[in-house]
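So the protein sequences, as listed, match chains A and B.
The first sequence runs 67 to 406 under this note's numbering.
The second sequence runs 81 to 399 under this note's numbering.
A short worksheet on the structure shown next.
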Amino acid sequence: MEDSKEMFKKTLLGSVALTVALSAGIASADTSDKKIALSNNYAGNSWRQAMLKSWDKVTSAAVKAGIVADAPAFTTAENQVTEQASQIQNLILEGYDAIVINAASPDALNGAVKQACDAGIVVVSFDGIVTEPCAYRIAVDFAKMGEIQVDYLARRMPKGGNLLEIRGLAGVFVDDEISAGIHKGVKNHSQFKIVGSVHGNWAQDVAQKAVAGILPSLPEVAAVVTQGGDGYGAAQAFKAAGRDTPLIIMGNREDELKWWKQQKDANGYETMSVSIAPGVSTLGFWVAQMILDGKTVPHDLTVPFLQIDQDNLEANLSNTEAGGVANVEYSLEDAKAAIK
Amino acid sequence: MSSMTASLKNLREKPWIWSYLGMLVVWLATISFTGGKGGGDVITAALSFATFTVIVGIGQMFVITTGPGNVDLSIPANIALSGAVAMKVMGGENEMLLVGFAASMGCGLAVGIFNYSLIRVLRIPPIIATLSASFLILSTAIAYGRGLKIKPPLLLSDFTTLQIAGIPVLALFIIVVATVMSVVLNRTLYGRSVLAIGQNMRAAWLAGINVERIRFATYVLSALMAALCGFLLAGFSGGASLNMGEEYLLASIAVVVIGGTSVAGGKANVPGIWGAALFMFMLVTMLNTFGASAGIRLIMTGLIIVAVITIAGGDKPER
């Protein structure tokens, strides 16, 4: 009697424990005790601000849901390789299970990234990717981003014309890639000719200044090819110079979309806008989470562009906050779809 | 022979002449490349954009003139913050124009006082004090920054982009400001004190100048000029953005030095800042027009700046 009572008690306890364990297993994935850090090299523009905001929004929901234990973001103050390398070393020492990186340089951080891999840490780089083979890369096909601009222009202007190219920040590989894509597009569509090229540093005011400087020396410009963040500045410079507004390709910034909308309403102005959604940081987060979860993920992934056209301009503009960038955040399902 | 030496000596006494000569050479090179096309438009564009460099350059000049080690590195962050605050306060309303202007000046005043208190109270060297202040200021701007890129009031954007016969009105306005500052530098007790402190701080103190009060006024002046630049720049370019001040850090120092102000302090002039700002803009325009790649452009910019400084700064110290 005593025995069976004891036995019953044990069974009860055991089943309770089992139920608790099972329900815990259902409520959260195997990564519930894992910590994922974001190592970011720069925060001083609207794209990066939106990127950090998206990261915070998606990861804090994931932490609340018990999918991961913690997912803080760290940004270096000075956008320098040495600073980010030592930041990554700190993250290794602090025992993070995965580090998601937007890197200041594609190769200069490889040493620190290798150290992280050797310590058993999953490293996922996005946007500013790292070339170290042990890391995962969510790369943007920047060259393609340049090429599709000229393809679009070729459809709109079969006769071609003169192009003004606004480039990004000199010496950054993103700038070289997009520009190479644009030049490839011009090669494919020989009716276009690049008559001027300036660096706008992806900033509206710098672009405005550079375009205003070169405009007086240019013949008629049919279209402006850009890298994002510079379209509105170019429009301002053309207006100030008293020239007809050419077809300016936009880069998904709110000021650019707003200006486009105004022109569209006023005179049916038509263009397109293309960039990368800052929410790609959340794709990085989910990829890291899936790897920690034991899933097999290819080391090289490509991010889709966020392209805005004449007919979905209003919808995208209403989703974009003032001073921000058109954005898409990824869910676990989106991330799963993206790695297929 | 002696007349030539005399005229050379005369030139040496006007170190700002070189920046205007440089500007002229670069302008001629540009329009000869384009076959005379757009010569006037280049000048219009140069005047529009040089204006902003001149505003911060004047403030930086007073700071640098107070002697070795004095420099204001918080200018870019200050531009970002005061531009953002002004745009947000005004919210695009013409009636709020004066309030917005006062708000940006308030930011400038606060930044100037903060900079100086780091230097004076905590005894931090100016380079480090203003640099670390700029981190705090930019972080404030980022935190404040929700809703950046608010459109400026129509009145402000119209005023900042207004041109009469190809001459930007804002440039005329800043030429007046520069003239006033030139008088302040050369004819007022404050200006003479700045020069005296820059030549020898101890001697200036012994002569009865309140050195710290003058330095305080100088850092505040520089911060106010940066705030003015932020206010006008945000109006000119259709809204404030976090990185809109970035290029004014080196530019503010470069125009001071190229304009013939001594980096060692104690010797300054205002006209050179205008010449240097126009020169710098036209230099980039020329290289863009030539189709030079970014690498060549940066190398050439560096070399030409070094050359101008070498020629302009070739005189011997007078003491």
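For every residue, glycine included, the Cβ atom is placed at its ideal position computed from N, Cα and C.
Just so you know, these numbers come straight off a predicted model, no measurement behind them.
Is Ile135 (chain B) closer than 8 Å to Leu363 (chain B) when the C-beta atoms are compared? For the purposes of this step, residue 363 (chain B) is identified with residue 283 of the second sequence, where counting begins at 1. For the purposes of this step, residue 135 (chain B) is identified with residue 55 of the second sequence, where counting begins at 1. Result no, Cβ atoms of Leu363 (chain B) and Ile135 (chain B) do not sit closer than 8 Å.
Pick out whichever of A:Trp352, A:Glu243, A:Gly294 and A:Val291 has its Cα sitting closest to the Cα of Gln204 (chain A). Within the first sequence, numbered from 1, the residue matching residue 204 (chain A) stands at position 138. Just to set this straight, residue 204 (chain A) is Ile in the shown sequence, not Gln. Nearest C-alpha to Ile204 (chain A): A:Trp352.
Rounded to whole angstroms, what is the Cα-Cα separation between Lys406 (chain A) and Asp400 (chain A)? As a working mapping, residue 406 (chain A) is identified with position 340 in the first sequence. As a working mapping, residue 400 (chain A) is identified with position 334 in the first sequence. Distance between the alpha carbons of Lys406 (chain A) and Asp400 (chain A) is about 10 Å.
Any beta-carbon of chain A closer than 8 Å to the one on Ile379 (chain B)? Locating residue 379 (chain B) in the second sequence gives position 299, counting from the first residue. Chain A contact via Cβ: absent.
Could you check where the beta strand (DSSP E) with Gln373 (chain A) kicks off and where it finishes? For the purposes of this step, residue 373 (chain A) is identified with residue 307 of the first sequence, where counting begins at 1. Gln373 (chain A): member of the beta strand (DSSP E) spanning Leu372 to Ile374, first to last residue.
Asn158 (chain B) - containing alpha helix (DSSP H), residue span: What you label residue 158 (chain B) is simply residue 78 of the second sequence in a count that begins at 1. Counting along the chain, the alpha helix (DSSP H) containing Asn158 (chain B) begins and ends at Ile155 to Met170.
Output, in chain order, the set of chain B residues within a Cβ distance shorter than 7 Å of His275 (chain A). Against the first sequence, residue 275 (chain A) aligns to sequence position 209. Inspection of the sequence shows that residue 275 (chain A) is occupied by Lys rather than by His. Neighbours of Lys275 (chain A) on chain B, chain order: Phe129.
CB contact flag (Gly251 (chain A), Val287 (chain A), <8 Å): If you number the first sequence from 1, residue 251 (chain A) lands on position 185. If you number the first sequence from 1, residue 287 (chain A) lands on position 221. It is not a contact, given that the beta carbons lie outside the stated cut-off.
With a threshold of 16 other CB atoms inside 10 Å of the CB of Val274 (chain B), please say whether the residue is buried or exposed. On the second sequence, residue 274 (chain B) is found 194 positions in, with the first residue counted as 1. By the Cβ neighbour-count rule, Val274 (chain B) is buried, with 16 or more other Cβ atoms within 10 Å of its own.
Quick check on the burial criterion: 16 or more other C-beta atoms within 10 angstroms. Buried or exposed for Val386 (chain B)? Residue mapping note: residue 386 (chain B) aligns to position 306 of the second sequence, counting from 1. With a threshold of 16 other beta carbon atoms within 10 Å, Val386 (chain B) falls short and is exposed.
Determine the extent of the beta strand (DSSP E) in which Ala392 (chain A) is found, giving its start and end residues. For the purposes of this step, residue 392 (chain A) is identified with residue 326 of the first sequence, where counting begins at 1. Ala392 (chain A) -> no beta strand (DSSP E), and no H or E assigned at all.
Hey, quick one: how far does the beta strand (DSSP E) through His365 (chain A) stretch, first residue to last? Within the first sequence, the letter at position 299 stands for residue 365 (chain A). Premise fails: His365 (chain A) is in no beta strand (DSSP E) and is neither H nor E.
Along the segment 169-183 of chain B, where does the CB come closer than 7 Å to a CB of chain A? Name the residues. none
So if I threshold CB-CB distances at 8 Å, which residues from the segment 246-275 of chain B count as touching chain A? none
Do the segment 354-363 of chain B and the segment 96-113 of chain B make contact, defined as three or more Cβ pairs closer than 8 Å? yes
Per-residue DSSP class, three states only, for Lys259 (chain A): Here residue 259 (chain A) is taken as the residue at index 193 of the first sequence, counted from 1. Strand, per DSSP.
Would you mind sorting Leu329 (chain B) into buried or exposed? The rule is 16 or more other CB atoms within 10 Å of its CB. As a first step, residue 329 (chain B) must be located in the second sequence, where it is residue number 249. Buried, by the Cβ-count rule.
Close beta carbons around Ala236 (chain A), own chain, < 7 Å, minus the five adjacent residues each side: What you label residue 236 (chain A) is simply residue 170 of the first sequence in a count that begins at 1. His265, listed in sequence order.
With a threshold of 8 Å between beta carbons, is Leu313 (chain B) in contact with chain A? As a first step, residue 313 (chain B) must be located in the second sequence, where it is residue number 233. It does: the Cβ of Leu313 (chain B) has a partner Cβ on chain A nearer than 8 Å.
Since Asn158 (chain B) meets chain A, which of its residues come closer than 9 Å, beta carbon to beta carbon? By 1-based counting over the second sequence, the position of residue 158 (chain B) is 78. Within chain A, no residue comes near Asn158 (chain B); the closest Cβ sits about 14 Å away, beyond 9 Å.
Tell me, please, whether the CB atom of Val364 (chain B) is closer than 8 Å to any CB atom in chain A? One-based indexing of the second sequence puts residue 364 (chain B) at position 284. For Val364 (chain B), the answer is yes, since a Cβ of chain A falls inside 8 Å of its Cβ.
Between the segment 287-308 of chain A and chain B, which residues of the former have CB atoms less than 8 Å from a CB of the latter, in chain order? For the segment 287-308 of chain A, residues whose beta-carbon sits nearer than 8 Å to a beta-carbon of chain B comprise Tyr298, Gly299, Gln302, Ala306 and Ala307.
How would you list, in chain order, the residues of chain A whose beta-carbon sits under 8 Å from the beta-carbon of Ala374 (chain B)? Translated into positions along the second sequence, residue 374 (chain B) becomes position 294. Ordered by position in chain A, the residues that pass the 8 Å Cβ test against Ala374 (chain B) are Arg233, Ala236, Gly237 and His265.
Fully enclosed by the segment 148-207 of chain A, which beta strand (DSSP E) runs are 3 residues long or longer? 164-168, 188-192 and 202-205
Could you confirm whether any beta carbon from chain A is found closer than 8 Å to the beta carbon of Leu383 (chain B)? If you number the second sequence from 1, residue 383 (chain B) lands on position 303. No - not a single Cβ of chain A is within 8 Å of the one on Leu383 (chain B).
Do Val166 (chain A) and Val179 (chain A) have their beta-carbon atoms positioned less than 8 Å apart in this structure? Mapped onto the first sequence, residue 179 (chain A) falls at position 113. Mapped onto the first sequence, residue 166 (chain A) falls at position 100. No. Outside cutoff.
Can you give the beta carbon distance from Met324 (chain B) to Ile138 (chain B), rounded, assuming they're within the 8 Å contact cut? Numbered from its first residue, the second sequence carries residue 324 (chain B) at position 244. Numbered from its first residue, the second sequence carries residue 138 (chain B) at position 58. Not a contact, Cβ separation roughly 19 Å.
Strictly below 7 Å CB to CB, what residues from chain B border Val272 (chain A)? The residue given as residue 272 (chain A) occupies position 206 in the first sequence. Chain order gives the chain B residues near Val272 (chain A) as Glu327, where near means a beta carbon separation below 7 Å.
Reference Ala166 (chain B); option with closest CA among B:Phe370, B:Arg282 and B:Leu236: Indexing the second sequence from 1 puts residue 166 (chain B) at position 86. Ranking B:Phe370, B:Arg282 and B:Leu236 by Cα distance to Ala166 (chain B) puts B:Leu236 first.
How is Ala139 (chain A) classed by DSSP in three states: helix, strand or coil? If you number the first sequence from 1, residue 139 (chain A) lands on position 73. Strand.
Listing by chain order, which chain A residues have their CB less than 8 Å from the CB of Thr210 (chain B)? In the second sequence, counting from the first residue as 1, residue 210 (chain B) sits at position 130. Those do not exist, as Thr210 (chain B) stays about 15 Å from chain A at its closest Cβ, beyond 8 Å.
Per DSSP, what kind of secondary structure is Met316 (chain A) in: helix, strand or coil? As a working note, residue 316 (chain A) is residue 250 in the first sequence. In this structure, Met316 (chain A) counts as strand in the three-state DSSP scheme.
Does the beta-carbon distance from Ser142 (chain B) to Phe311 (chain B) come in below 8 Å? Within the second sequence, the letter at position 62 stands for residue 142 (chain B). Within the second sequence, the letter at position 231 stands for residue 311 (chain B). According to the sequence shown, residue 142 (chain B) is Phe rather than Ser. No, the Cβ-Cβ distance between Phe142 (chain B) and Phe311 (chain B) is not below 8 Å.
Report, in whole angstroms, the separation of the C-beta atoms of Ala303 (chain A) and Val277 (chain A), which I expect to be a contact under 8 Å. To locate residue 303 (chain A), count along the first sequence from 1; it is residue 237. To locate residue 277 (chain A), count along the first sequence from 1; it is residue 211. The Cβ separation is near 4 Å, so the contact holds.
Outcome for Asp296 (chain A) when other beta-carbon atoms lying within 10 angstroms are tallied against a minimum of 16: To locate residue 296 (chain A), count along the first sequence from 1; it is residue 230. Counting Cβ neighbours within 10 Å, Asp296 (chain A) comes out buried, since at least 16 surround it.
Considering Cα atoms alone, identify which of A:Ala289, A:Gly294 and A:Met316 is closest to Asp310 (chain A). Residue mapping note: residue 310 (chain A) aligns to position 244 of the first sequence, counting from 1. Among A:Ala289, A:Gly294 and A:Met316, the Cα nearest to that of Asp310 (chain A) belongs to A:Ala289.
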